[in-house]
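K.L.:
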Amino acid sequence: MQSESTTTYMVSFKTGPGFITVEAKDNKLTRISFKNTKEQRENEFIRKLKKDIQSYLRGEKVSFGYPLDFSSLTPFQIKVFKLLQEVPYSKTISYKELAKKAKTSPRAAGRILASNPFPVIIPCHRVINSSGALGGFSGGLDWKKYLLKIERVEGF
DNA sequence: GGCACACACGAAC
DNA sequence: GTTCGTGTGTGCC
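If you read the first sequence in my numbering, its first letter stands for residue 81, the second for the next number, and so on.
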């Protein structure tokens with residue numbers, strides 16, 4: 081049985097660095113992106129999530145314990161994202177270190193992060209070049225800088 | 001299925 | 001600063 085009984089809920093809202101959109105199916109987070117959609121379909125779950133993100137962006141330390149929908153990802157991607165979730169608030173890790181944990185190459189690790197469906201929740205902004213440079217970010221480097229600053233990471 | 005190519009890197013020159 | 005090795009995903013064929 082694979083009925084379409086689940087509805088996709090989504091909401092966009094403006095924050096400091098720009099718009100952010102969250103999408104969820106029932107009580108599972110399916111995607112976060114940095115765009116603005118006109119369509120707004122809220123439910124309790126997504127309202128709470130929005131509130132949490134707004135708190136986080138105000139500098140509050142929020143632990144996002146939301147269930148994530150990994151169903152469209154490869155086992156390896158899931159592995160990397162789970163490892164990344166272990167990186168604590170206001171700490172950073174290099175692509176190299178992350179790659180080591182995941183037993184892969186730094187290049188490959190970056191490749192995975194570029195496809196992160198849950199930026200912010202999965203803290204890909206905490207991954208930077210071992211040279212100290214920022215690396216990249218799907219929503220643009222302004223976002224990355226902003227997030228690091230919020231978390232009071234040294235040097236930002 | 002296989003293969004070529006693109007990459008949010010890093011290390012060596 | 002440039003070049004080369006590198007692992008994974010994606011999209012061709």
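The beta-carbon is built from N, C-alpha and C at its ideal position, and this holds for glycine as well.
What you are looking at is a predicted structure, and each value in this text was computed from that prediction instead of being measured.
1. Please go through the same chain and pick out, in chain order, the residues whose beta-carbon is closer than 7 Å to the beta-carbon of Gly219, but skip the five residues on each side of it.
2. What residue range is occupied by the uninterrupted beta strand (DSSP E) comprising Glu103?
3. According to the Cβ coordinates, are Leu178 and Leu163 closer than 8 Å?
4. Between the alpha carbons of Phe150 and Lys108, how many angstroms are there, rounded?
5. Can you have a look at Thr172 and say buried or exposed, based on whether 16 or more other CB atoms are within 10 angstroms of its CB?
6. Could you check which residue in Gly235, Leu221, Ile201 and Arg232 has the C-alpha nearest to that of Arg111?
7. Give me, in chain order, the residues of the same chain whose beta-carbon lies closer than 6 Å to that of Lys229; leave out the 5 immediate sequence neighbours on both sides.
P.N.:
According to the structure shown:
1. In the first sequence, the residue the question calls residue 219 occupies position 139. Cβ within range, chain order: Phe114 and Pro199.
2. For the purposes of this step, residue 103 is identified with residue 23 of the first sequence, where counting begins at 1. Run containing Glu103: Phe99 to Lys105, per the beta strand (DSSP E) assignment.
3. For the purposes of this step, residue 178 is identified with residue 98 of the first sequence, where counting begins at 1. For the purposes of this step, residue 163 is identified with residue 83 of the first sequence, where counting begins at 1. Yes.
4. Taking the first sequence and counting its residues from 1, the one referred to as residue 150 is at position 70. Taking the first sequence and counting its residues from 1, the one referred to as residue 108 is at position 28. One C-alpha to the other measures close to 10 Å.
5. On the first sequence, residue 172 is found 92 positions in, with the first residue counted as 1. That one is buried.
6. The residue labelled residue 111 in the question sits at position 31 within the first sequence. Checking every option, the nearest Cα to that of Arg111 belongs to Ile201.
7. By one-based count along the first sequence, residue 229 stands at place 149. Cβ neighbours of Lys229 beyond the five flanking positions: Phe236.
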